[in-house]
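For reference, the structure is listed below as structure tokens.
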Amino acid sequence: MSKLNFYTSKILSYAAAFLTAVLFVGANSASSCMVYQPKAPASLSRFSKIK
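For the sequence shown, this note's numbering begins at 2 and goes up steadily by one.
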């Protein structure tokens with residue numbers, strides 16, 4: 002049981018270090034995403050709640 006706790010704590014500490022590194026890189030990098038959004042047909046305006 003002691004070895005199980007030892008290995009579990011090691012795995013958890015490595016996972017915490019990895020996730021901390023991911024958060025650090027994610028917070029300090031500029032990312033952008035371009036998504037293609039085609040124009041909606043004019044015939045769809047009749048379904049709009051805003052006139």
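Think of the CB as a built atom: it goes at the ideal place given N, C-alpha and C, for glycine as much as any other residue.
DSSP state of LYS50 mapped onto helix, strand, coil: Position 49 of the sequence shown, counted from the start, is the residue given in the question as residue 50. Looking at LYS50 - three-state DSSP - the assignment turns out to be coil, as it is neither helix nor strand.
Terminal residues of the alpha helix (DSSP H) in which ALA17 lies: To locate residue 17, count along the sequence shown from 1; it is residue 16. Note, ALA17: alpha helix (DSSP H), 3 to 28.
Backbone secondary structure at ALA43 - three-state DSSP: Counted from its first residue, the sequence shown places residue 43 at position 42. In the structure shown, ALA43 sits in a helix (DSSP, three-state: H, G or I).
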